[in-house]
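Before any comments, here is the structure.
Number of protein chains: 2
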Amino acid sequence: MTAGGAASAIGGTAAVVRRPGGRSARIRAQVLEAVRELLVEQGFDALSVDAVAERAAVHRTTVYRRWRDVGGLLADVLDAAGDDGWQPPDTGTLEGDLTAVNGEVEVGLTGEPVTAALIAASFRSTQAAEALRRFWDERYERCAVVVERALARGEVPEGTCARRVVVAATAPVYQQVLLLRGGADPTLARQAAAGVALAASQGLFVVGEGPG
Amino acid sequence: MTAGGAASAIGGTAAVVRRPGGRSARIRAQVLEAVRELLVEQGFDALSVDAVAERAAVHRTTVYRRWRDVGGLLADVLDAAGDDGWQPPDTGTLEGDLTAVNGEVEVGLTGEPVTAALIAASFRSTQAAEALRRFWDERYERCAVVVERALARGEVPEGTCARRVVVAATAPVYQQVLLLRGGADPTLARQAAAGVALAASQGLFVVGEGPG
DNA sequence: ATCCTAATGCAACTGTTGTCGCAGTAGGGA
DNA sequence: TCCCTACTGCGACAACAGTTGCATTAGGAT
Numbered sequence: 001m002t003a004g005g006a007a008s009a010i011g012g013t014a015a016v017v018r019r020p021g022g023r024s025a026r027i028r029a030q031v032l033e034a035v036r037e038l039l040v041e042q043g044f045d046a047l048s049v050d051a052v053a054e055r056a057a058v059h060r061t062t063v064y065r066r067w068r069d070v071g072g073l074l075a076d077v078l079d080a081a082g083d084d085g086w087q088p089p090d091t092g093t094l095e096g097d098l099t100a101v102n103g104e105v106e107v108g109l110t111g112e113p114v115t116a117a118l119i120a121a122s123f124r125s126t127q128a129a130e131a132l133r134r135f136w137d138e139r140y141e142r143c144a145v146v147v148e149r150a151l152a153r154g155e156v157p158e159g160t161c162a163r164r165v166v167v168a169a170t171a172p173v174y175q176q177v178l179l180l181r182g183g184a185d186p187t188l189a190r191q192a193a194a195g196v197a198l199a200a201s202q203g204l205f206v207v208g209e210g211p212g
Numbered sequence: 001m002t003a004g005g006a007a008s009a010i011g012g013t014a015a016v017v018r019r020p021g022g023r024s025a026r027i028r029a030q031v032l033e034a035v036r037e038l039l040v041e042q043g044f045d046a047l048s049v050d051a052v053a054e055r056a057a058v059h060r061t062t063v064y065r066r067w068r069d070v071g072g073l074l075a076d077v078l079d080a081a082g083d084d085g086w087q088p089p090d091t092g093t094l095e096g097d098l099t100a101v102n103g104e105v106e107v108g109l110t111g112e113p114v115t116a117a118l119i120a121a122s123f124r125s126t127q128a129a130e131a132l133r134r135f136w137d138e139r140y141e142r143c144a145v146v147v148e149r150a151l152a153r154g155e156v157p158e159g160t161c162a163r164r165v166v167v168a169a170t171a172p173v174y175q176q177v178l179l180l181r182g183g184a185d186p187t188l189a190r191q192a193a194a195g196v197a198l199a200a201s202q203g204l205f206v207v208g209e210g211p212g
């Protein structure tokens with residue numbers, strides 16, 4: 001299917017490479033660039049297939065065939081964005097690392113309108129939802145090293161689930177900014193990180209354990 | 001009560017009551033009932049103004065004029081839903097209360113498709129976003145009593161910010177279910193509640209304090 | 001250089017979304 | 001009872017979203 005074509009082009013999985021050459025690649029680049037531009041300039045609401053096609057100087061039909069809909073476009077952009085070499089900061093303590101991550105989350109959420117747009121899209125498009133889930137899964141996976149370092153330092157006990165620690169630490173920031181529409185609140189970011197760091201040090205995030 | 005909520009939600013200031021009588025009220029009831037039915041039966045995607053109008057046996061134009069768009073409809077439904085007499089559970093401990101609240105959140109998020117639909121709508125409609133913010137603000141406000149009881153029992157120190165405690169405790173569940181699209185995970189709910197309860201008992205959620 | 005065909009451009013078409021002007025209906029007050 | 005007018009119904013309309021059939025273009029291989 002056309003969407004599959006887009007997906008394959010995204011990851012570069014050349015399983016069924018049809019025509020990776022000049023024109024297709026060029027058009028893809030034009031379209032994705034147009035998506036990013038429109039997203040930044042006018043936000044998610046202005047992101048129609050037609051607008052993207054016009055901006056990219058490509059015909060509507062081409063975009064519909066290769067990406068299917070707006071969600072497909074955003075999914076493609078998102079998958080490309082996941083390929084950056086992001087690594088969590090290393091401040092020397094678990095609490096410091098979690099606080100720093102929360103700071104980046106806050107900036108990403110309030111600064112770049114792209115993130116909010118992608119989340120909005122994930123509620124409307126299955127493709128975008130999948131892409132977003134992949135993106136976050138990978139991000140949390142990369143964050144695991146923060147907990148591993150803490151374990152090596154003896155800050156947290158053996159068996160601590162890294163993912164849950166990071167999710168618990170960052171979730172309040174997402175909640176505050178995304179759902180409650182509150183402004184960025186650095187105090188919240190610090191408190192959440194500190195609370196989770198304390199709980200983790202007490203072994204509350206050890207798998208199979210927990211209260212009850 | 002419902003009528004008042006309608007007026008405020010729609011944009012007509014409730015100060016100027018125009019014609020609260022028979023037909024308008026009847027049509028409003030029909031339309032909102034149609035919204036709830038369609039939401040439960042077919043989900044958010046099927047919730048177009050036209051579909052609602054047809055189900056309610058009301059003309060499209062009427063719905064457009066009174067509610068403007070799907071977001072307005074959902075905002076109205078949401079304001080009505082906020083009038084229930086919900087109270088947080090009282091289990092005797094802060095950790096137990098937070099765990100119980102998380103359980104209800106989990107059920108509400110995974111069981112009722114209404115909530116997810118409203119969140120999706122909040123990303124598309126300013127009205128829905130406002131209504132949702134009001135709804136959650138009020139819910140968190142009601143949850144404050146949980147922390148107040150803990151304070152009375154001496155579980156948490158004076159000055160603990162109730163809202164932050166509850167937000168920190170519930171956020172991981174929202175994150176897991178809503179954004180990460182993971183299944184309901186009762187372990188996560190308990191761990192998050194336990195971690196926050198511990199952190200709160202240590203005074204990490206006292207206003208003005210926190211790490212650094 | 002030539003051919004094959006995947007990918008694109010193009011235009012016409014359908015269905016949906018949202019708006020507008022006008023006429024009809026039904027509360028509520030006199 | 002009668003009138004006023006807010007509200008609703010109705011149809012036409014424009015704008016947008018998405019699809020389809022066909023012609024054209026341009027990689028890539030021979």
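Respectively, the protein sequence lines represent chains A and B. Going by UniProt numbering, the first sequence opens with residue 1, and the numbers climb by one from there. Going by UniProt numbering, the second sequence opens with residue 1, and the numbers climb by one from there. Quick reminder that beta carbons are idealized off the backbone N, C-alpha and C, glycines included.
Item                                                                                                                                          : Value
Using a C-beta to C-beta distance shorter than 8 Å, which residues of chain B count as neighbours of A:Arg133?                                : Leu180 and Arg181
Would a check of beta-carbon distances place A:Trp136 closer than 8 Å to chain B?                                                             : yes
Residues of chain A with CB under 7 Å from B:Pro172, in chain order?                                                                          : Val167, Ala168 and Ala171
Measure the Cβ-Cβ separation of A:Gly195 and B:Ala199 and say whether it is below 8 Å.                                                        : yes
Could one say the Cβ of A:Gln127 lies closer than 8 Å to chain B's Cβ atoms, at least one of them?                                            : no
Please determine, among A:Gly71, A:Thr93 and A:Ala100, the residue with the shortest C-alpha to C-alpha distance to A:Leu132.                 : A:Gly71
Distance cutoff 8 Å, beta carbons only. Does B:Ala194 sit that close to anything in chain A?                                                  : yes
Among residues of its own chain, excluding the 5 on either side of A:Ala32, which ones have a beta-carbon nearer than 8 Å to its beta-carbon? : The residue asked about is misnamed: residue 32 of chain A is Leu in this sequence, not Ala. The residues are Leu73, Asp76, Val77 and Ala80.
Compute the Euclidean distance between the alpha carbons of B:Thr170 and A:Glu155, then round it to the nearest angstrom.                     : 25 Å
Between which two residues does the alpha helix (DSSP H) carrying A:Ala131 extend?                                                            : Thr126 to Arg153
What does a CB cutoff of less than 8 Å around B:Leu178 pick up in its chain, not counting 5 residues either side in sequence?                 : Leu109, Ala116 and Ile119
By a C-beta neighbour count over all protein chains shown, 10 Å radius and 16 as the cutoff for buried, is A:Val101 buried or exposed?        : buried
Where DSSP assigns a beta bridge to A:Val177, which residues make up the other side?                                                          : Its beta-bridge partners do not exist; DSSP assigns none.
For the alpha helix (DSSP H) that B:Glu54 lies in, which residues bound it at each end?                                                       : Val49 to Ala56
Could you work out which residues of chain A lie near B:Leu204, taking near to mean beta carbons separated by less than 7 Å?                  : Gln191, Ala194, Gly195 and Leu198
I want to verify the contact list: residues of chain B whose CB lies under 8 Å from the CB of A:Leu73, in sequence order.                     : The contacting residues do not exist; A:Leu73 stays about 17 Å from chain B at best.
If we ignore side chains and look at the alpha-carbon of each, how far apart do B:Glu138 and A:Leu180 end up?                                 : 11 Å
Over the uninterrupted alpha helix (DSSP H) stretch that includes A:Gly96, give me the two end residues.                                      : Leu94 to Thr110
When DSSP builds the beta bridges, which residues end up paired with B:Val206?                                                                : B:Thr160
Assign B:Asp79 to one of three DSSP states: helix, strand, or coil.                                                                           : helix
Give the residues of chain A in contact with B:Leu188, contact being defined as C-beta atoms less than 7 Å apart.                             : Arg164
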